[in-house]
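First up is the structure itself, then whatever we jot down about it.
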């Protein structure tokens, strides 16, 4: 196991550098960030030259990347064009998005897996058909439609929730936004769990456990569910980074000042330091989540061993 972890960590190094290099190159072709600093008027050449030198934009792109990565390893993600440190923006944004993501993941695990187990054990029955139709509807409806609809009904008309999340983003106010963020993934988890349960329920080890006279609950939890969760864990693990980086729509609807909000502001203002800094951390989240998922395989299935 130790050798496997070390090997995976070494494999992450070129992936990290390659991904951040692509992001850095893509962000630098978004446009001229100096033009955005001057507002509607065009910057005079002297001011534009001074600003480029101040932010290091007068150097070749490869040199900018090398300088940026050197600063990243010292904990310096640069300075936004408003003069605020990117690390300060991260310090206020990431805790909010992490709480929102945790709420979304809890919905995926509790509701998605529970519905998947129920429908997988009752495949072809009315409850199975109903859940399949509902999940298909959820997948088909865009997230911004779901968010705006729940905000209008629960927040504006019925007054059950606040239409806009407060600045501190307390956990109770993140329940509905978390449900909106997790809605599509929740539907996928339900369908994936259902398919895996229905397929493994016909496996030989399940029939053997039933023939031994084991209680049905033990057969389902200890044998059937444990082996059926491997593809579900894979999806949820990779979905963690996707939820954190893809929360732009949800955070905009409910006015949540998290990672998605900062990324939106950075893209809108062509603030390359902010965008690259936040996405660099999200890359690390993706890599860490994938490693944890691979290690969980051995926990769920004892037959899996890492050399």
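In full-length UniProt numbering, the protein residues as written are 1 to 307.
Glycine included, each C-beta is placed from N, C-alpha and C at the ideal position.
Check                                                                                                                                  : Outcome
Boundaries (first-last residue) of the alpha helix (DSSP H) holding residue 14                                                         : 2-28
Distance between residue 232 and residue 4 (C-alpha atoms, nearest Å)                                                                  : 22 Å
Length of the line joining the Cα atoms of residue 235 and residue 189                                                                 : 8 Å
Where residue 79 sits in the DSSP three-state scheme                                                                                   : strand
Residue nearest to residue 19 in terms of C-alpha spacing, selected from 97, 276, 61, 112                                              : 276
Residue 162 versus residue 257: straight-line alpha-carbon distance, rounded                                                           : 15 Å
Cβ-Cβ separation, residue 247 to residue 92 (assumed contact under 8 Å), whole Å                                                       : Actually they are not in contact, since the Cβ atoms of residue 92 and residue 247 sit about 15 Å apart, beyond 8 Å.
Exposure label - residue 222; buried when at least 16 CB within 10 Å                                                                   : exposed
Check whether residue 108 and residue 239 have beta carbons under 9 Å apart                                                            : yes
The region 193-211 / the region 119-132 touching (three or more Cβ pairs under 8 Å)                                                    : yes
Span separating the alpha-carbon of residue 178 from that of residue 58                                                                : 42 Å
Option nearest residue 132 by Cα separation, candidates 253, 192, 220                                                                  : 192
Beta-carbon spacing of residue 260, residue 250 below 9 Å                                                                              : yes
Neighbourhood of residue 12 by C-beta, 8 Å cutoff - its chain only, sequence neighbours within 5 removed                               : 287, 291
Alpha carbon of residue 271 to alpha carbon of residue 128, nearest angstrom                                                           : 48 Å
Bridge partners - residue 85, DSSP secondary structure assignment                                                                      : 79
Residue 21 versus residue 63 - alpha carbon distance                                                                                   : 12 Å
Distance, residue 245 Cα to residue 252 Cα                                                                                             : 13 Å
Residue 95 - DSSP class collapsed to helix/strand/coil                                                                                 : helix
Stretch-stretch touch, CB-based, cutoff 8 Å, three pairs: the region 98-107 with the region 135-150                                    : no
Unbroken alpha helix (DSSP H) run spanning residue 186, endpoints                                                                      : 175-200
Environment of residue 66 [buried if 16+ CB atoms lie within 10 Å]                                                                     : exposed
Residue range of the unbroken alpha helix (DSSP H) whose run includes residue 270                                                      : Premise fails: residue 270 is in no alpha helix (DSSP H) and is neither H nor E.
Contacts around residue 180, its chain only, beta-carbon distance under 7 Å, and the 5 residues preceding and following it disregarded : 143, 146, 147, 150, 250
Residues near residue 266 in its chain [Cβ-Cβ closer than 6 Å; skip 5 each side]                                                       : 274, 275
Check whether residue 218 and residue 209 have beta carbons under 9 Å apart                                                            : yes
Residue 74 versus residue 113 - alpha carbon distance                                                                                  : 41 Å
Where the alpha helix (DSSP H) through residue 139 begins and ends                                                                     : 126-140
Start-to-end residues for the alpha helix (DSSP H) that takes in residue 241                                                           : 226-245
Pick from 115, 100, 206, 14 that is closest to residue 187, judged by C-alpha positions                                                : 115
Nearest candidate by alpha-carbon position, reference residue 280, set 138, 90, 195                                                    : 90
N-terminal and C-terminal residue of the alpha helix (DSSP H) that residue 116 is part of                                              : 113-121
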